[in-house]
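Mapping to this note's numbering: the sequence shown position 266 is 425, numbers consecutive.
Yeah, the Cβ is synthetic: ideal placement off N, Cα and C, and Gly gets one too.
No experiment lies behind these values; they were computed from the predicted model shown.
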Amino acid sequence: MHAVVIAGGGPTGLMLAGELALAGVDVAIVERRASQDLAGSRAGGLHARTIEVLDQRGIADRFLEQGQVAQVAGFAGVPLDISDFPTRHNYGLGLWQKHIERILAGWVDELEVPIHRGREVTGFGQDDTGVDVELSDGMSLRAEYLVGCDGGRSVVRKAAGIEFPGWDPTTSSLIAVAEMAEEPELGIRRDALGVHALGKLEYEVRDGEVVYMDGGPVGVMVTEQHVGPTSEPTLRELSEALVVVYGTDYGIHSPTYISRFTDMTRQAAAYRDRRVLLAGDAAHVHAPDGGQGLNTGVQDAVNLGWKLAQVVSGTAPESLLDTYHAERHPVAARVLRHTMASIALRRPDERTKALRDTTAELLGMDEPRKRLAAMQSGLDIHYDLGEGHPLLGRRMPDLDLVTADGPLRVFTLLHAARPVLLNFGEPGGFDISPWADRVRSIDANYGGTWELPALGAVTAPAAVLIRPDGYVAWVGDRASLGLADALTTWFGPPSAA
Ligand SMILES: Cc1cc2nc3c(=O)[nH]c(=O)nc-3n(C[C@H](O)[C@H](O)[C@H](O)COP(=O)(O)OP(=O)(O)OC[C@H]3O[C@@H](n4cnc5c(N)ncnc54)[C@H](O)[C@@H]3O)c2cc1C
């Protein structure tokens with residue numbers, strides 16, 4: 160019996176496992192793949208808010224050290240620079256998904272989360288006290304909660320009977336790594352079908368110039384003439400797609416990997432059915448444009464982890480789990496809308512090109528650039544926690560504080576994934592002793608300005624209550640009401656003295 164079983168150890172499942180383990184929850188992952196190795200490339204990096212979220216746990220450097228910091232945000236081909244954003248991480252990170260997963264798996268391993276590899280979740284049955292999770296080897300696991308982090312074709316979502324409404328694909332592309340008998344035309348090609356690209360995987364950098372090696376495997380991305388079937392793509396389909404675009408398949412052979420991606424756009428109607436929850440691609444799928452899929456999944460996990468931990472430990476009521484859907488469903492819905500718009504602008508006809516040029520002109524202005532870039536980088540997320548100070552429901556900035564123990568960054572206070580009350584007013588101004596077992600209270604000074612991405616400067620608050628996911632749950636001072644209510648809502652009822 161585990162408190163939580165996670166189906167799927169991709170980026171979302173790994174992040175969730177780490178969050179639960181930090182909170183002391185007995186969690187296990189069931190992962191279909193025999194090892195963490197990932198065929199093909201998939202996600203190419205992280206946006207700023209995901210880097211911040213990793214920084215909140217003290218593990219951002221592990222990723223930054225292995226990737227390439229860059230301005231990665233962009234919409235419909237227009238780069239969106241965020242270097243003037245008020246965050247320590249005013250950039251994205253180029254890092255292939257296989258490395259992101261490897262680093263996350265290393266962290267989860269340190270936290271001693273068991274991973275049942277080479278096994279699939281095939282179904283489940285739930286009752287009032289738990290879930291029986293059925294595995295492909297005929298065994299079953301009992302858990303209080305099951306979280307489906309099992310990707311876009313989620314077995315958990317289907318078995319739960321959760322609807323997945325949305326839009327069928329309008330375009331599809333094949334991606335592959337294979338050998339070619341002839342030298343291909345390297346680089347990007349655009350035509351009436353869309354964008355295609357061929358690139359050598361093996362190259363050397365000589366005098367700062369990339370020099371491709373003769374022969375060796377070629378990375379292929381080719382947009383198909385018609386939307387391909389949902390079955391696994393074959394070498395023959397890849398060859399045919401190349402002939403349509405390049406007039407030849409360059410003698411393609413010996414693929415190590417072939418996959419198809421589309422702009423199918425769908426979102427789970429509910430992120431929760433009693434003791435079963437969904438996160439990541441299991442809850443939302445969309446085109447890769449904008450590179451937000453993995454980022455959204457990792458942030459789903461960080462929203463859900465501390466809530467589920469408190470529910471299984473009995474500190475907070477089960478209803479806390481409903482805030483997961485209420486907060487994260489709208490975030491992914493925006494991502495879906497944004498990627499659909501981006502794909503629509505990619506169409507090669509002249510009228511769409513005119514619209515794309517007009518959009519590019521608008522994005523050349525500061526205000527539209529900031530808004531769209533803040534959205535895409537995840538820095539503008541605003542959970543609806545009611546009226547109040549602009550910080551309410553928004554990410555807490557990583558300020559440089561001065562405390563009785565010396566200088567301290569806000570994110571350092573979040574490493575253990577525990578809530579914090581930061582008091583900038585008169586020291587010892589708040590008595591939260593009925594929550595002292597759960598919430599840290601810290602007196603701090605901060606002399607700088609308070610600035611939020613896309614919003615700009617906001618008035619300095621006297622005190623803020625920060626949730627473990629780094630979002631502000633309450634803003635006020637000693638005279639304000641609502642602190643006890645906020646503490647109860649998010650961290651459970653007061654303990655008896
Ligand atoms: C070409 C391409 C480019 C992309 N580029 C980006 C990008 O730049 N940025 C970005 O943020 N996102 C990008 N994405 C999206 C990103 O890859 C996904 O959003 C991300 O992998 C989702 O993570 P996940 O953990 O939710 O799901 P997955 O990565 O799909 O992981 C699901 C895991 O569950 C396992 N599994 C599945 N079924 C079962 C089962 N029944 N039982 C047990 N285990 C199971 C799988 O083996 C897998 O490990 C891209 C995707 C593609 C295809």
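_Tell me the rounded alpha-carbon separation between D481 and H355._
43 Å
*asked:* What ranges does the beta strand (DSSP E) occupy inside the segment 362-390, keeping only unbroken runs of at least 3 residues that lie completely in it?
replied: 362-365, 368-371 and 377-382
*Using CA coordinates, which residue listed in V623, S592, L614 and S200 is at the minimum distance from N582?*
V623
*Can you say whether I417 is buried or exposed, counting buried as having 16 or more other CB atoms within 10 angstroms of its CB?*
buried
*Going by alpha carbons, who is nearest to G552 out of R201, V631 and P388?*
V631
*Check whether the Cβ atoms of Q256 and P170 lie closer than 8 Å to each other.*
yes
*In terms of alpha-carbon separation, which member of A232, E224, A603 and I601 lies closest to R528?*
A232
*Kindly indicate the opening and closing residues of the beta strand (DSSP E) around S299.*
S299 to G307
*Is P447 near ligand 1, in the sense that its beta carbon is under 7 Å from a heavy atom of that ligand?*
yes
*asked:* In the DSSP assignment, the alpha helix (DSSP H) including T424 goes from what residue to what residue?
replied: Unbroken run through T424 is the beta strand (DSSP E), T424 to Q426; no alpha helix (DSSP H).
*Please report the Cβ distance between A135 and G452, rounded to the nearest whole angstrom; I am assuming they are in contact, meaning their Cβ atoms lie under 8 Å.*
This structure cannot speak to residue 135, because the chain is shown only from 160 to 656.
*Are the beta-carbon atoms belonging to V212 and V579 less than 8 Å from one another?*
no
*C-alpha distance - F222 paired with H248, whole-angstrom precision*: 12 Å
*Under 7 Å from any heavy atom of ligand 1, does the C-beta of P170 make it?*
yes
*asked:* Here's the rule: buried if 16 or more other CB atoms are within 10 angstroms of the residue's CB, otherwise exposed. What is D543?
replied: exposed
*Within the present structure, is the beta-carbon of F420 separated from the nearest heavy atom of ligand 1 by less than 7 Å?*
yes
*Indicate whether A134 and S413 have their beta-carbon atoms separated by less than 8 Å.*
With the chain covering 160 to 656 only, the question about residue 134 has no answer from this structure.
*Contiguous beta strand (DSSP E) assignments of at least 3 residues, all confined to the segment 267-354*: 274-276, 280-285, 290-294, 299-307, 331-339 and 346-350
*asked:* If I measure Cβ to Cβ from L437 and keep anything under 6 Å in the same chain, skipping five residues before and after, which residues do I get?
replied: G307, R316, A427 and Y430
*asked:* For V186 and T246, what's the separation of their Cα atoms in angstroms?
replied: 33 Å
_DSSP three-state label for R515, please._
helix
*Buried or exposed: Q535, going by 16 or more other Cβ atoms within 10 Å of its Cβ?*
buried
*From the DSSP output, read off the bridge partner residues of T562.*
G565 and A603
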